[in-house]
Amino acid sequence: MDPRTYDILYRPARITPSRRTPVMLLAAALWVLTLSSLAFLGFVVGFTALWSAAEGMAVGGLLLRCFACLFGGAAVLVAVRLAPGVKRMSADTRSLLLAVLACPIPLVLAMTMWFYTA
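See the structure below:
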């Protein structure tokens, strides 16, 4: 066997470093904003439900509306993700598109809630 062939076949694998493109970094930043605003909104809704339950008020309607909005938004993102034109995009571009669609509404709601409660 040729020594070069043996070296190519049996040498230890070389792990190539992944490239961080600007599109990936922008998508990651938008997803961080989206998830942090959703976490803040979940925290506020949870405390509101806890305080309302401690006062003896019914909290089922509030929680049901919040979960319905959350699942509706997730369904829209899944529908966009499964669209044929979006399926053909590269993974970086697809992630950026979904982040751009997901970010504004929770971010605006969280900022509005933050400034009106302060």
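Residue numbers (the working numbering): 99 to 216.
Just so you know, even glycine gets a beta-carbon here, dropped at the ideal spot from N, CA and C.
Note that the structure is predicted; figures quoted are calculated from it, not measured.
Let me check understanding here. Comparing Cα to Cα, which of the options lies closest to residue i?
i, options, result
"A127", "M211, C167, M209 and L195", "L195"
"T210", "L139, R118, A125 and G154", "L139"
"L136", "R117, F165 and S150", "F165"
"L162", "G144, L199 and G183", "G144"
"C201", "L168, P120, M155 and D100", "L168"
From which residue to which residue does the alpha helix (DSSP H) around residue i run?
i, result
"D190", "A189 to A200"
"L131", "P120 to E153"
"V174", "G158 to R179"
"D105", "P101 to Y108"
"P182", "P182 to K185"
Less than 7 Å between C-beta atoms, sequence neighbours within five positions excluded: which residues of the same chain meet that for residue i?
i, result
"W129", "A197"
"V142", "M211"
"L199", "L175 and V178"
"V157", "A147, S150 and A151"
Do residue j and residue i have their beta-carbon atoms positioned less than 7 Å apart in this structure?
i, j, result
"P204", "T132", "yes"
Beta-carbon within less than 8 Å of residue i's beta-carbon, same chain only, minus the 5 sequence neighbours each way: which residues are those?
i, result
"L207", "S135 and L139"
By Cβ distance, which residues of its chain are closer than 6 Å to residue i, with the 5 residues on each side in sequence left out?
i, result
"G183", "none"
Measure from the C-beta of residue i to each C-beta in chain C and report whether the shortest distance is under 7 Å.
i, result
"T114", "Judged by its chain identifiers, the structure shown contains no chain C, having just a single protein chain."
Stretch-stretch touch, CB-based, cutoff 8 Å, three pairs: the stretch 170-178 with the stretch 101-111
Segments in contact, no.
Quick check: the stretch 114-128 against the stretch 181-195, are at least 3 beta-carbon pairs closer than 8 Å?
yes
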